[in-house]
Structures are given as structure tokens and as C-alpha cells.
Amino acid sequence: MSATPGEPAPGRLCSLAASAWTFRCRVELEAEARFERLAGRMERLGDPAELVALARRASADERRHAVLCAGQAALLGETAALAPVSDLPEIAAALPLRERVLYEVVAACCISETESMGVLTTLLDAARAPGLRRTLRELASDEVRHARLGWAYLARAHAAGGVAFLGPLVPAMLGGSVAPDLFAPAGGDREDDALLDLGVLPHHLQREVFERTLDDVILPGLERLGVDITPARRWLAGRRAGALA
Amino acid sequence: MEHVTKRFGRTRGGPLSKLFRILVAGGIALGVGCETPKGGEKPAKPDDGSATAPPAQPAPPSGVRGW
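Here the protein sequences come in this chain order: S and F.
For the first sequence, this note's numbering puts the final residue at 1466, and the numbers step up evenly by one.
For the second sequence, this note's numbering puts the final residue at 75, and the numbers step up evenly by one.
In C-alpha cells, the structure reads:
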């Protein structure tokens, strides 16, 4: 199924990859708005200036990432819109402000940004084109800071004794972080390993990276910082069982 | 590209334990090293709600979609 190394990828794979980069562009624009909103709320809560500054810097990083993703999409023939997101929905509206901020930081940084690092390191192992490698490296070097912001924020909340409410909510964070069909078989072009050369994980590898990053990085991290991971493990077992059914 | 799967699969002492050290342990060290602003942490103030007022019946919690 894979293209021969050195040959241009077929048009249908380019189209799939272009859609993926366009989608990523949208994800980065949402992250720009999210980090800016978080920075303002962290400031109101009296959180350390260093963490507020990190959130502000992350917002600016994400704007640059959106441009990088749009650039990759353009190389593959698709135009990604770069308008800022002005209507970012709340993801935990029922919680009081302090818990809402912690919830969003954990969902965005400890889960999504940490998972992104799993994806980026895997892609960097595979990608050969110098331009794509430059883009992936730039993204990865920033995502390290974004993920650390989450773990730093959670560590402080843990020290203050305020993380117990998170355990039962982690499955909602996980469910919202992935494509609805991640655990379903994909087949066809979505499983083509040639996608790696376009900066996109084949479906089976996407799932494997997600699960391993969760098993080996995120869940141990949450557990170390006092978050009950039993509901998250149950969620993952359920998805795995559903995939086997 | 099978090597990618195999390489990623080497988790013990491999790339994922490195990720754990860099992201989780590095983040925890960062958090511990941060100084709480003078006067300690402020009590949570109500959000100004200017951008996103919570709906009357809040939606259930969700996640942040990643790549």
C-alpha cells in the first residue's frame, strides 16, 4: 500500500494530509484563544506570574503554529483559514473558576499537549523532507513548554490539596481529546504508511501513540500528582474492548 | 515505516520514559520552583463573564481536541 520511498505521494494521500494539516491549523487557533483566556483567569486567581507569562507566551506560540500548519496545508493544495477564534466554548462551565481553570489546564496541557508530543516525536522519527522536519521541530520545541505548564500547574494544585475532584472527570477530558473514530478500524488510505512522509500518522499508529502516551506518560503523571486514575483506566479499557468487539 | 512502530514500542527506558522526564518531571520542578505572589493566593473571584458567560444549563465537561 505504501508509496515507494522517494516517489511523490499519490494525490488522494496528499488530500488526506492536507485535511489533517487544515484541521491542525484550527486546533492551534483554538489553543491561541484558550491560552489567552487561561492567562487572564490565572492572573485573576493570583497564580504565579511565571505561569501566567508561560500561558501568554503559549498563546502567541499557537498563533505561529497555526501559520505553520496552514503552510503545510498549502503545500498539499489546501487553504486553511487563519481568522482568530472569538467564540471558544467553555469546557467545564459548571465548575467554580479555580476548578474550571485547573480542569482546562489539565485537559489542554497535561492531556492534549502531552499527547501532541507523542505524535510529534513519532513524526520526527519518520519524516524525511527538510521543510517538514523544520516545522515539526519548531512545533515540538514549543509544545514541551505548553505541556510543562500543565504539569507545573497541576503540581501546585496538588500541593494545595485541590485535585481530588479531577479523577472522575478525566474520562471526559480524554473523550474530548480524540477523534470519535480513533478506536474504530479505518482501513484504506488512512492506514497508508506513506502518510508519515506528509506529517500525518496512519490511523493504527495514531491510536497506538495515543494509548502508549496515555499509559506511560499521562496516567503515571496524574497519579503522581494525586489524581485518581481509576476512572481513566476504566475509560481506556472500555475503548479497547469496544475496538475488539 | 514499520520501524517507527517498533521504535515507539520501546517504552522502557525509551522515548516515552524520556517524554515523562522532560514533560512531567520537568513541569513538576517548574511548578515547585514558582513563587506564589506576595500576599498568597487570592480567593477565586467570579469571572467577569465578558467573553463566555456560562449557559443556564452548563454542558457536561469536555476535553480539548488535539492533533
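C-beta atoms are modelled at their ideal positions from N, C-alpha and C, and glycine is treated no differently.
| Query | Result |
| --- | --- |
| So that I know if they touch, is there some Cβ in chain F lying closer than 8 Å to that of residue 1263 of chain S? | no |
| How about residue 1356 of chain S: is its C-beta nearer than 8 Å to some C-beta of chain F? | no |
| Please return the same chain residues whose Cβ sits closer than 6 Å to the Cβ of residue 1284 of chain S, not counting the five positions on each side in sequence. | 1253 |
| With a threshold of 16 other CB atoms inside 10 Å of the CB of residue 1335 of chain S, please say whether the residue is buried or exposed. | buried |
| How many whole angstroms separate the CB atoms of residue 1277 of chain S and residue 1260 of chain S, which I take to be in contact at a CB cut-off of 8 Å? | 5 Å |
| Is there contact here, the region 1398-1417 of chain S with the region 1307-1325 of chain S, by at least three beta-carbon pairs under 8 Å? | no |
| Assuming residue 1311 of chain S is part of the alpha helix (DSSP H), what are its boundary residues? | Element bounds for residue 1311 of chain S: n/a, residue is neither H nor E. |
| Just how far apart, CA to CA, sit residue 1360 of chain S and residue 1280 of chain S? | 13 Å |
| If the cut-off is 7 Å on Cβ atoms, which residues from the region 1385-1402 of chain S count as contacting chain F, listed in chain order? | 1390, 1393, 1394, 1395, 1396, 1397 and 1398 |
| When you compare only the Cα positions, how much space is there between residue 1257 of chain S and residue 1307 of chain S? | 11 Å |
| Three or more beta-carbon pairs under 8 Å between the region 33-48 of chain F and the region 1357-1375 of chain S, yes or no? | yes |
| By alpha-carbon positions, which one of S/1464, S/1446, S/1437 and S/1466 ends up nearest to residue 26 of chain F? | S/1437 |
| For residue 1294 of chain S and residue 1397 of chain S, what's the separation of their Cα atoms in angstroms? | 24 Å |
| Relative to the alpha-carbon of residue 1362 of chain S, which residue among S/1414, S/1381, S/1234 and S/1342 has its alpha-carbon at the smallest distance? | S/1342 |
| Using a Cβ cut-off of 7 Å, pull out every chain F residue sitting near residue 1460 of chain S, in sequence order please. | Correct list: empty, because the minimum Cβ distance to chain F is about 13 Å. |
| Nearest chain F C-beta to residue 1195 of chain S closer than 8 Å, yes or no? | Beyond the ends of chain S as shown, which are 1222 and 1466, falls residue 1195 of chain S; an answer cannot be given. |
| Can you tell me where the alpha helix (DSSP H) holding residue 1283 of chain S begins and where it ends? | 1270-1296 |
| Give me the subset of the region 1297-1318 of chain S whose CB atoms are less than 9 Å from a CB atom of chain F, sorted by chain position. | 1307, 1308, 1309, 1310, 1311, 1312, 1313, 1314, 1315, 1316, 1317 and 1318 |
| Going straight from the alpha carbon of residue 44 of chain F to that of residue 1274 of chain S, what length do you get? | 14 Å |
| Kindly list, in the order they appear in chain F, the residues whose Cβ is closer than 8 Å to that of residue 1434 of chain S. | 24 and 27 |
| Enumerate in chain order the residues of its own chain whose CB-to-CB distance from residue 54 of chain F is below 7 Å, with the five nearest sequence positions on each side excluded. | Bear in mind that a pLDDT of 48 at residue 54 of chain F, under 50, signals an unreliable position, so the model cannot answer this. |
| Along the alpha helix (DSSP H) that carries residue 29 of chain F, what are the first and last residues, could you check? | Where residue 29 of chain F is concerned, there is no enclosing alpha helix (DSSP H), given that its DSSP letter is neither H nor E. |
| Below 9 Å on C-beta distance, what does residue 1250 of chain S contact in chain F? | Going along chain F, no residue has its Cβ under 9 Å from residue 1250 of chain S, so there is no contact; the nearest lies around 12 Å. |
| Note down, in chain order, every chain F residue with its Cβ under 9 Å from the Cβ of residue 1270 of chain S. | 42, 43 and 45 |
| Using only alpha-carbon positions, find the residue among S/1404, S/1337 and S/1326 that is nearest to residue 1463 of chain S. | S/1404 |
| Can a CB atom of chain S be found closer than 8 Å to the CB of residue 75 of chain F? | yes |
| Counting along the chain, where does the alpha helix (DSSP H) carrying residue 1335 of chain S start and finish? | 1335-1347 |
| Once you ignore the five residues that flank residue 1262 of chain S on each side, which residues in its own chain have a CB closer than 7 Å to its CB? | 1318 and 1322 |
| Could you tell me the boundaries of the alpha helix (DSSP H) in which residue 1434 of chain S lies? | 1424-1434 |
| Over the uninterrupted alpha helix (DSSP H) stretch that includes residue 1421 of chain S, give me the two end residues. | Neither: residue 1421 of chain S is in no alpha helix (DSSP H) and is coded neither H nor E. |
| Give me the Cβ distance between residue 1331 of chain S and residue 1442 of chain S, rounded to the nearest whole Å; I'm assuming they're in contact under 8 Å. | 7 Å |
| Check whether the Cβ of residue 1362 of chain S lies closer than 8 Å to any Cβ atom in chain F. | no |
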